[in-house]
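> Here our numbering is used: the first residue of the sequence shown is 4, the next is one more, and so on. Even for Gly, the Cβ is constructed at its ideal location relative to N, Cα and C. Here you go, one structure.
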Amino acid sequence: MDIDKILSSLEAKHPGEKEYLQAVREVLLCVKDVYDEHPEFEKAKIIERMVEPDRIITFRVTWVDDNGDVQTNLGYRVQFNKAIGPYKGGIRFHASVNPSILKFLGFEQTFKNALTTLPMGGAKGGSDFSPRGKSDAEIMRFCQAFILELWKNLGPDRDVPAGDIGVGAREVGYMYGMYKKLVDECTGTFTGKGLDFGGSRIRPEATGFGALYFVENMLKMQNDDIKGKTVAISGFGNVAWGAALKANELGAKVVTISGPDGYIYDPDGISGDKIQTMLDLRASGEDIVEPYIEQWPSAKFFAGKKPWEQKVDIALPCATQNELDGDDAKQLIDNGVQLVAEVSNMGCTPEAIDAFIESKTIYAPGKAVNAGGVATSGLEMSQNAMHMQWSAKEVDEKLHYIMKSIHEQCVMYGTEPNGYINYMKGANIAGFMKVARAMMEQGIL
Ligand code: 2IT
């Protein structure tokens, strides 16, 4: 595989799409050797086909704000790859959303979903709509307007969206409500729904819980466990919440959370009622963490800084892409960090990943670590198809099994001759091989 040639042709076709090109480059570098061992892949142009989405749906979303003013946003759905199953992946509402970000997310989702062991293809969608400071009624009108365009491309065996940044149970509820009104069928079609209308138990917690199960597996490989370890978490949304809950439950001490305004360091540990504070901060819609210190004065707020400057055993980026860069990585390594697990999608920059691998820090990428979220979405699809609802215990057992299996796939494909486990390589090769085999067996399409 001529990586430089593929990348420069992609760059020429999609200039300036830096997140997308970054995600593609990482996968190509990891799978090159395996790819070259399979001349039939090259003959079928598997890579050239895999890096382009099946289609991108772009649309205008017009809605009326509380002042009666007409607002227009852009809406997208990137249906990336359906070799393994129906398109599946979240919807992101954030001012930064653009085709590059949604293409990187859809590309990553394809391999992540392959790793879950469940039959799901990859997709992502969203809008540049910013939920910050919007009223509940505005959120509802926006969600309805978004689905009024997108609904015709969705379906339980076609494309099943879920939440992501800026989209939680409330937004999924409004979108699914509108979808049902238009198609007049109750077939699931969204995951992350409310428990009373087809949602799965443990889905809200699943991304964070799954990430901690993955971390437990990583530590077990080192004959270690998480009890008593200090953990830095970034973000304060749904993913950070689930990760903090489970880290506490497993006996670790969470000392940071963060927002766009800076980070909180709480040496006493963020647990118990402080978790509720996190939820209240999120629910306020202001997108800031500073008010935490008004309620918990022993904690400190560091304006405009990231939590990676603190000395911790474990770092869990839980906020957004490229939130941990080369300098952050250096700081963590100098402070003796033992393990870094991305819970956000592509949370670390390529420079940060290189630094971790070079220093033999145990590092795992988002597409493996955070796959418990979409895996539990897959379980929600199964429950909807069966018209059943499983107990929390049943879902949690399946989530445990899935995370263990993802970890095993990473170890199988990522263990280097010197014993170091390169989880990035392992996850990319395992995910790639499954999608590639599925594409090969279904012919040139
Ligand atoms: O990045 C992700 O895996 C998600 N936002 C969840 C996707 C899903 O379909 O549950």
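1. On the criterion of 16 or more Cβ atoms from any shown chain inside 10 Å, does Gly449 qualify as buried, or is it exposed?
2. Determine, using beta carbons only, whether Gly265 and Ser347 come nearer to each other than 8 Å.
3. Just to check, is the beta-carbon of Asn348 closer than 7 Å to a non-hydrogen atom of ligand 1?
4. First and last residue of the beta strand (DSSP E) that includes Val81?
5. For Ile168, which option in Ile6, Lys401, Phe96 and Glu444 has the closest C-alpha, if you only look at C-alpha atoms?
6. If you count every other CB in all the chains shown that lies within 10 Å of the CB of Lys215, and 16 or more means buried, which is it?
7. Taking Ala248 as the reference, give the member of Val234, Gln225, Asp269 and Ile278 with the closest Cα.
8. Between Asn84 and ligand 1, is there a pair consisting of the residue's CB and a ligand heavy atom that are separated by less than 7 Å?
9. Which whole-angstrom value describes the C-beta separation of Ser380 and Lys91, a residue pair presumed to lie in contact below a C-beta threshold of 8 Å?
10. Going by DSSP, which residues form a beta bridge with Leu342?
11. What residues in its chain sit with their C-beta under 7 Å from that of Asp328, if we drop five residues either side in the sequence?
12. In or out: Arg80 buried (at least 16 other Cβ within 10 Å) or exposed?
13. Can you list, in chain order, the residues of its chain whose CB lies under 6 Å from that of Phe145, leaving out five sequence neighbours each side?
14. Can you list, in chain order, the residues of its chain whose CB lies under 7 Å from that of Val34, leaving out five sequence neighbours each side?
15. Taking 8 Å as the cut-off, decide whether the C-beta atoms of His410 and Met221 are in contact.
16. Any chance the CB of Gly93 is under 7 Å from a heavy atom of ligand 2?
17. If Gly166 and Ile94 are in contact, beta carbons under 8 Å, what's the gap, nearest whole angstrom?
18. Gln112: beta carbon under 7 Å from a heavy atom of ligand 1?
19. Is Ala165 near ligand 1, with its Cβ less than 7 Å from a heavy atom?
20. Is it true that the region 107-114 meets the region 147-166, where meeting means three or more beta-carbon pairs spaced less than 8 Å apart?
21. Would you mind working out which of Arg28, Thr113 and Asp227 sits nearest Ile9, comparing C-alpha positions?
22. Which residues in the same chain as Tyr404 place their Cβ atom closer than 8 Å to its Cβ, once the five residues preceding and following it in sequence are excluded?
23. Compare the beta carbon distance of Trp311 and Ala302 with 8 Å and say whether it is the shorter of the two.
24. Report the rounded CA-to-CA distance for Ala140 versus Arg204, giving the unit in angstroms.
25. Fully enclosed by the region 243-309, which beta strand (DSSP E) runs are 3 residues long or longer?
26. Let me check understanding here. Comparing Cα to Cα, which of Pro368, Lys137 and Lys363 lies closest to Asn421?
27. Would you report the Cα separation of Gln392 and Glu383, rounded to the nearest angstrom?
28. Figure out for me which residue from Lys314, Glu22 and Tyr38 has the closest Cα to the Cα of Lys437.
29. Which class does Lys230 belong to by DSSP, given the choice of helix, strand or coil?
30. Going by the beta-carbon positions, is the gap between Met442 and Ile50 smaller than 8 Å?
31. May I have the straight-line CA-CA distance separating Glu14 from Val30, to the nearest angstrom?
32. Out of curiosity, what's the CA-to-CA distance linking Ala332 and Gln225?
33. So does Gly88 have its beta carbon nearer than 7 Å to some heavy atom of ligand 1?
34. DSSP three-state call for Tyr423: helix, strand or coil?
35. May I have the straight-line CA-CA distance separating Val100 from Gly78, to the nearest angstrom?
36. Work out the CA separation of Gly211 and Gly231 for me, nearest whole Å.
Let me spell this out:
1. The requested residue 449 is not part of the displayed model; the chain covers only 4 to 448.
2. Not a contact, by the Cβ cut-off of 8 Å.
3. For ligand 1, at least one heavy atom lies less than 7 Å from the Cβ of Asn348.
4. Val73 to Asn84 is the extent of the beta strand (DSSP E) around Val81.
5. It is Phe96.
6. Strictly speaking, residue 215 in this sequence is Leu, with Lys absent from that position. With a threshold of 16 other beta carbon atoms within 10 Å, Leu215 meets it and is buried.
7. The question names Ala, but residue 248 is Leu in the sequence shown. For the residues Val234, Gln225, Asp269 and Ile278, the minimum Cα distance to Leu248 belongs to Ile278.
8. Answer for Asn84: no, Cβ out of range of ligand 1.
9. 7 Å between Cβ atoms; contact.
10. Bridge partners of Leu342: Ile317 and Ile365.
11. Apart from the 5 residues on each side of it in sequence, Asp328 sits with its Cβ closer than 7 Å to the Cβ of Thr352, Glu354 and Ala355 in its chain, given in chain order.
12. Under this definition Arg80 is a buried residue.
13. Excluding sequence positions up to five before and after Phe145, its CB lies within less than 6 Å of the CB of Trp66 and Phe132, all in the same chain and listed in chain order.
14. The beta carbon of Val34 sits closer than 7 Å to those of Asn431, Ile432 and Phe435, all from its chain and outside the five residues before and after it, given in chain order.
15. Going by C-beta atoms, His410 is nearer than 8 Å to Met221.
16. Absence of ligand 2 is noted for the structure shown, with ligand 1 being the only ligands found.
17. The Cβ separation is near 7 Å, so the contact holds.
18. Result yes, Cβ under 7 Å from ligand 1.
19. For Ala165, the CB falls within less than 7 Å of some heavy atom of ligand 1.
20. No contact exists between the region 107-114 and the region 147-166.
21. Among Arg28, Thr113 and Asp227, the Cα nearest to that of Ile9 belongs to Arg28.
22. Around Tyr404: no qualifying Cβ.
23. Taking 8 Å as the cut-off, the Cβ atoms of Trp311 and Ala302 do not count as close.
24. In a straight line, the C-alpha of Ala140 is about 27 Å away from that of Arg204.
25. Runs of the beta strand (DSSP E) inside the region 243-309: 256-262, 265-268 and 303-306.
26. Considering only alpha carbons, the answer is Lys363.
27. Taking the straight line from one Cα to the other gives about 8 Å.
28. Ranking the options by Cα distance to Lys437, first place goes to Tyr38.
29. DSSP places Lys230 in coil when its eight states are reduced to three.
30. No, the Cβ-Cβ distance between Met442 and Ile50 is not below 8 Å.
31. Rounded to the nearest angstrom, the gap between the Cα atoms of Glu14 and Val30 is 16 Å.
32. When rounded, the distance between both Cα atoms is 21 Å.
33. It does not: the Cβ of Gly88 is nowhere closer than 7 Å to a heavy atom of ligand 1.
34. Coil.
35. Their Cα atoms are separated by approximately 9 Å.
36. In a straight line, the C-alpha of Gly231 is about 19 Å away from that of Gly211.
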